[in-house]
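Enquirer:
In the numbering used here, the protein residues as written are 157 to 393.
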């Protein structure tokens, strides 16, 4: 007679995982088993991005923080192409010209990706419109599979959930993923030593250390933070 794992526990319900959940579980296991991962985080003041979002939404209501980060992530990858890559079978390394940004969307059955392909060639309005259309189709279970596949880099935004900082898992077989935390009002020490209150957000970058070094992730984050001071310069408008 085998050991009863539920002995002494009252079971509320029991069911087999859905095919989607099983698939996601297998990809996460592959990511952690085969990818030696390291993550770093940094903080920045959100006011320039907040002001830009408000300004752009006057022209296009589909502009969101997520679409802004997708555009900025793509611009950062132009400067750090090694991060827009994949290591296949731990031997073949591919660096891509196409910057296809996968965006994690939370559904009841799990996190699914929509993919903004060739993001390097699209302006913020094009990205915002495509992202909103894809999310609507995904939630209605009508998004074609080819618009959920082919990502070269992933952006995961948990800011709307109140998560300040987190360590995202790399999406197989990509080299890196960018995590975006929530924004909180915090005291901030300025370069002159004065202290002022700012809306602060955390960016985290996880990399596959078999493909690149932590240095590359750090340099990418540094570029991202630099763009946040004048994000309007990188919208493609």
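Every residue, glycine too, gets a C-beta built ideally from N, C-alpha and C.
1. Hey, how far is the Cα of residue 367 from the Cα of residue 244?
2. Among the residues of its own chain, which have a CB less than 6 angstroms from the CB of residue 218, if the five just before and after it don't count?
3. Quick one: grab the DSSP three-state call for residue 355.
4. Could you give the distance in angstroms between the alpha-carbon of residue 206 and the alpha-carbon of residue 361?
5. With a cut-off of 8 angstroms, do at least 3 Cβ pairs link the segment 293-302 to the segment 239-259?
6. Less than 8 angstroms separating the beta-carbons of residue 330 and residue 242?
7. Which residue from 188, 385, 170, 222 puts its Cα closest to that of residue 364?
8. Just reading off the beta strand (DSSP E) that residue 215 is part of, what are its end residues?
9. Which parts of the segment 185-263 are runs of the alpha helix (DSSP H), unbroken and 4 residues or longer, counting only runs that do not cross its ends?
10. Taking only runs that begin and end inside the segment 259-342, name each unbroken beta strand (DSSP E) of 3 or more residues, in chain order.
11. Cβ of residue 374 within 8 angstroms of Cβ of residue 332?
12. Could you compute how far the alpha carbon of residue 168 sits from the alpha carbon of residue 222?
13. For residue 165 and residue 324, I'd like the C-alpha separation in whole angstroms.
14. For the putative contact between residue 174 and residue 265, defined by C-beta atoms under 8 angstroms, what is the C-beta separation to the nearest angstrom?
15. Where does residue 385 land, buried or exposed, given buried means 16+ other C-beta within 10 angstroms?
16. Expressed to the nearest angstrom, what Euclidean distance is found between the alpha-carbon atoms of residue 399 and residue 259?
Expert: So, from the data block:
1. The residue you call residue 367 lines up with position 211 of the chain shown. The residue you call residue 244 lines up with position 88 of the chain shown. The alpha-carbon atoms of residue 367 and residue 244 are separated by roughly 10 angstroms.
2. Here the question's residue 218 lines up with position 62 in the chain shown. Shown here for residue 218: same chain residues with a beta carbon closer than 6 angstroms to its own, the five before and five after excluded, namely 284, 285, 288 in chain order.
3. Here the question's residue 355 lines up with position 199 in the chain shown. Residue 355: strand per DSSP, three-state reduction.
4. In the chain shown, counting from the first residue as 1, residue 206 sits at position 50. In the chain shown, counting from the first residue as 1, residue 361 sits at position 205. If I take the Cα positions, the gap works out to 22 angstroms.
5. no
6. Against the chain shown, residue 330 aligns to sequence position 174. Against the chain shown, residue 242 aligns to sequence position 86. Yes, Cβ-Cβ distance for residue 330 and residue 242 is below 8 angstroms.
7. Counting from 1 along the chain shown, the entry for residue 364 is found at position 208. Nearest option by C-alpha distance: 188.
8. Taking the chain shown and counting its residues from 1, the one referred to as residue 215 is at position 59. Per DSSP, residue 215 belongs to no beta strand (DSSP E) and is neither H nor E.
9. Restricting attention to alpha helix (DSSP H) runs no shorter than 4 residues, the segment 185-263 encloses them at 203-213, 221-235, ordered along the chain.
10. 266-272, 309-313
11. Here the question's residue 374 lines up with position 218 in the chain shown. Here the question's residue 332 lines up with position 176 in the chain shown. No, the Cβ-Cβ distance between residue 374 and residue 332 is not below 8 angstroms.
12. Residue 168 sits at position 12 when you count from the first residue of the chain shown. Residue 222 sits at position 66 when you count from the first residue of the chain shown. Distance from the CA of residue 168 to the CA of residue 222, rounded to the nearest whole angstrom, comes to 37 angstroms.
13. Residue mapping note: residue 165 aligns to position 9 of the chain shown, counting from 1. Residue mapping note: residue 324 aligns to position 168 of the chain shown, counting from 1. When rounded, the separation of the alpha-carbon atoms in residue 165 and residue 324 is 32 angstroms.
14. Sequence index remark: in the chain shown, residue 174 carries index 18 (1-based). Sequence index remark: in the chain shown, residue 265 carries index 109 (1-based). The pair is a contact, with the Cβ atoms about 6 angstroms apart (cut-off 8 angstroms).
15. Here the question's residue 385 lines up with position 229 in the chain shown. That one is exposed.
16. In the structure as shown, the chain starts at 157 and stops at 393, and residue 399 therefore has no counterpart that could be examined.
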